[in-house]
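Just so you know, we're using the working numbering here: the sequence shown kicks off at 41 and counts up by one.
Here's the structure, in structure tokens; my notes come after.
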Amino acid sequence: MTMDSNRSLSFEVVSLDSERRGPYNLERRESEDCTDASLPFKHPQHGNASYSLLSNAEQLRQSGTTKIESQQSQEHPESTTSDTISTHSTIKNYNHRESRKFLLWTGFNRFCVTLFLCLFIGLTLRAYEGLNKPHTRALSKSDVRIFNAIILGLSLALGLNLASSLKHYGLLLRWSILTRRYVSLQAFDLILGCENLTNVFKLMVISFPGVHKIPSIRFPPWRQKTRWRGAKFTWLICLAWLLLNVGAQTLVATLSIFWPTDTLDAMPLTGNVSISNIMAWQADSFPLQLSSANLYGLSGSLYPVFAKGNPNEISSQKDDISIVRGDGYYEYSFLDKDLNNVASSRTVQARAACIQFSFGEDEGKRINGMVEASLDGGKTWSVYNVIRAVGGQIAWTGILSHSCGPRCTSLLVYQRADHKNVEKNAMFLCNSTISEVRHIKNAFGNLREEDKPHVDSTDDFARIAAGAIAWTGDFDSGNRDNQTRTYPTEVPFSPNHTVSPMDVEDIISRFSIGAIAAFDDHGPRYIVSNPPIGPVRDQQLRVDWVRIIIILSWICLVQFAALLAMLAFANKSIIRDESFFSVAMLLSPVVSRITREEGINLSGEEILAHPNLVGKRIRYDYVKVRTATKKLKKVDILFQETDDDGDNYKRRKMWADGEYI
């Protein structure tokens, strides 16, 4: 071992393997007395250099002898420095064309996700507004909830993807920024953490011209204590990046302003509902229920009737009461009430079927209150009791003792001739039926058991409605099996001409459905609490497509501009991954200036304020090194040695292609 005047130690190391040998050159700075403490390979226990050399010789025996001659200079990074470098599994090839392909792939994928989400938002709005033509779809309460859930999810996904994409672009751009010039350790740390917009804001503040002179800005712990020596427009770039991120999220948030839901004038769909109490006609005695049904029928005879299958005629009516005439029946839609009376989904139908009697030689004359007639064409004859009969009028007799079904009433109808307009007697046996109350599925799905008869009616209510045209409420001579009512010829229920079976069927079903309609209109009410479908106005989506398209276009344009900036400026150096271990290895030249025992528990601010690092300026760069067989480039963190270092203002346009360690 010899020491020359330049304080350079030169060792000739012989490998433990006799077949391998070669020189091992290293350069170090040595103290004046060349003590063991100054040796670069001092063993922690033995404290001498010879053990270190033997240990390195053992390593050379295992991995082969490598001669590396390099010379490092902060003024000229392209020069070489003499150092021992292990190239085992650390050499990586850098090609800016391949790097550009990677940037284009990862950036365009995220942009495509944004395009897809914007398109899906537009399709969702169109579907809920109405696919055939605008403003045609009515949204129920559940529809609105589903729509809000879908749009909320899509908006959140769009906002998160947009924020994630801009963050990713920033993480890719930071390596090109860090390689442009020397910056303070504080600025280097903030640029490394640019995915956090707070760090971008801090960098903007400390890079603002003259900010270090403003007393009110110097109190934060991250303040810039000295004049900013980086790029003049760093603060402007930071401001633009902040506005880009905030503006993108603002655009996403403002989307919901331009698809309001308006209340329609059409049928209400949800909420508490007041319905007619169709459990019974009266809460009192049975005779009163019969007379009430007849009175409601008289009132309902004045209601308009519309032909089935003509919705324009029905929708143009001023009255909310809707009686529809179909093929052999009448139908009524119940009126559910809130502040507005509207037709609900509940409907009921009234039908009647009549058979005309045949008369014998007496031609159906009423003799002692009796009429002889036959239902089978004269094969068998029976005598029927007709209580009242006035010439030209019709006597409607409801038969309580005869059952034709759970919701059916039998009627005996007798028209007496007056030999003027009604030339001959006629008598009919009719069955009048009220259908079950129909409503759409789950219209009243959460009904209590005690609510169901009030909503769906009872069989007794239906039977009374079916014979409403005949009821008086008075039982003659104690006869509780029949009731008979007649009407003057001026009313529709007693036409001034000889009637046919079809005429009688129409009159009976029309009177019955009119009784139900009048009872629903001004009869007793019953409150059903919070059914799935009731009288709350449904909603309609009205989309301002011009503004929606403009906002979605701006969202895509913002991300596309960030993508172009990333493609244009990020491909200047090796882009490292986001692993903390990788960044820790890169920053090892910085933290190695503080001993592990001293700095393991220091915070970031305390590390930056350490005497060994205070005032230091660094940048992400590489130096050229040579081995016996090839030239390599070593990725490193370079320190600026002096304030007058000319490299402070030199910019490396792009890292050269080649092999890096």
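Glycine included, every Cβ here is placed at the ideal spot set by N, Cα and C.
Rounded to a whole number of angstroms, what is the C-alpha to C-alpha distance between residue i and residue j?
i: S497; j: A390; result: 14 Å
i: A347; j: G368; result: 12 Å
i: T120; j: K671; result: Because T120 carries a pLDDT of 43, less than 50, the predicted location of this residue cannot be relied on, and the following value inherits that uncertainty. About 10 Å.
i: A77; j: T635; result: Because the pLDDT at A77 is just 36, under 50, the model does not fix this residue reliably, and the value given afterwards should be weighed accordingly. So the two alpha carbons sit approximately 15 Å from each other.
i: D416; j: S398; result: 8 Å
i: K674; j: M244; result: 31 Å
i: V630; j: L653; result: 8 Å
i: G349; j: Y372; result: 14 Å
i: Y64; j: T667; result: Residue confidence is low: Y64 scores 32 on pLDDT, short of 50, so the model does not pin down where it sits. Its coordinate-derived value is still stated next. Between Y64 and T667, the C-alpha separation is close to 12 Å.
i: D676; j: Q289; result: 37 Å
i: A413; j: I427; result: 15 Å
i: S180; j: S362; result: 23 Å
i: I548; j: L165; result: 50 Å
i: D458; j: V430; result: 8 Å
i: L716; j: S316; result: This structure cannot speak to residue 716, because the chain is shown only from 41 to 701.
i: T274; j: F241; result: 11 Å
i: Q646; j: L218; result: Per the sequence shown, residue 646 should be read as Glu rather than Gln. Their backbone Cα atoms lie some 22 Å apart in a straight line.
i: T449; j: T473; result: 7 Å
i: S247; j: N188; result: 44 Å
Only counting the same chain, and skipping five residues up and downstream in sequence, which positions put a Cβ closer than 8 Å to that of residue i?
i: L291; result: I591, W594, I595, V598
i: C158; result: L198, L592, I595, C596
i: W511; result: L330, S331, A333, N334, G438, I504, Q523, R525
i: M410; result: V423, Y424, N425, V426
i: R657; result: Y222, V223, S224, L225, R269, F679, Q680, N688
i: Y700; result: I131, K132, N133, Y134, I614, Y662, L672, K673, K674, V675
i: I395; result: L415, F468, L469, C470, P541
Is residue i helix, strand or coil when you go by DSSP?
i: L143; result: helix
i: M244; result: helix
i: I363; result: strand
i: K207; result: helix
i: L79; result: The predicted model places L79 with a pLDDT of 34, which falls under 50 and marks its position as unreliable, so this point remains unresolved.
i: V286; result: helix
i: R185; result: helix
i: T219; result: coil
i: R60; result: Bear in mind that the predicted position of R60 carries a pLDDT of just 35, short of 50, making it unreliable; the figure below should be weighed with that in mind. R60 falls in the coil class under three-state DSSP.
i: R616; result: coil
i: G698; result: strand
i: I407; result: strand
i: V623; result: helix
i: E681; result: coil
i: T526; result: strand
i: N471; result: strand
i: A558; result: helix
i: T512; result: coil
i: V630; result: helix
i: R478; result: strand
i: E371; result: strand
i: V462; result: coil
What is the residue span of the alpha helix (DSSP H) that residue i lies within?
i: N536; result: Segment: none, N536 is in no alpha helix (DSSP H) and carries neither H nor E.
i: G639; result: 636–639
i: S296; result: Here S296 belongs to no alpha helix (DSSP H), and DSSP marks it neither H nor E.
i: C653; result: Note that residue 653 corresponds to Leu in the displayed sequence, not to Cys. Element bounds for L653: n/a, residue is neither H nor E.
i: A602; result: 585–609
i: N425; result: Here N425 belongs to no alpha helix (DSSP H); instead the beta strand (DSSP E) covers 422–425.
i: Y336; result: 326–340
i: A225; result: Note that residue 225 is Leu in the sequence shown, not Ala. Unbroken alpha helix (DSSP H) run through L225: 225–232.
With respect to the beta strand (DSSP E) encompassing residue i, which residues constitute its N-terminal and C-terminal limits?
i: G438; result: 434–439
i: R659; result: 657–666
i: S450; result: 448–455
i: R503; result: Here R503 belongs to no beta strand (DSSP E); instead the alpha helix (DSSP H) covers 499–506.
i: K132; result: 132–134
i: V568; result: 565–568
i: V430; result: Looking at the DSSP string, V430 is not in any beta strand (DSSP E), and its letter there is neither H nor E.
i: V313; result: 313–316
i: V345; result: 345–347
Excluding the five sequence neighbours on either side, which residues of its own chain have a C-beta within less than 7 Å of the C-beta of residue i, listed in chain order?
i: A280; result: none
i: R214; result: I231, L232, C234
i: T420; result: S414
i: L338; result: none
Is residue i close to the ligand SAM? I mean its beta-carbon at under 7 Å from any heavy atom of the ligand.
i: R550; result: No copy of the ligand SAM appears in this structure; indeed no ligand is present at all.
By Cβ distance, which residues of its chain are closer than 6 Å to residue i, with the 5 residues on each side in sequence left out?
i: V364; result: F346, K348, E371
For this session: Mind the definition here: the segment 194–211 touches the segment 134–154 only if three or more C-beta pairs lie below 8 Å; say whether that holds.
Result: yes
For this session: Determine, using beta-carbon pairs with one atom in the segment 601–621 and one in the segment 136–149, whether at least three such pairs fall under 8 Å.
Result: yes
Exercise. Using 8 Å as the Cβ pair cut-off and three pairs as the minimum, do the segment 551–571 and the segment 488–497 touch?
Worked result: yes
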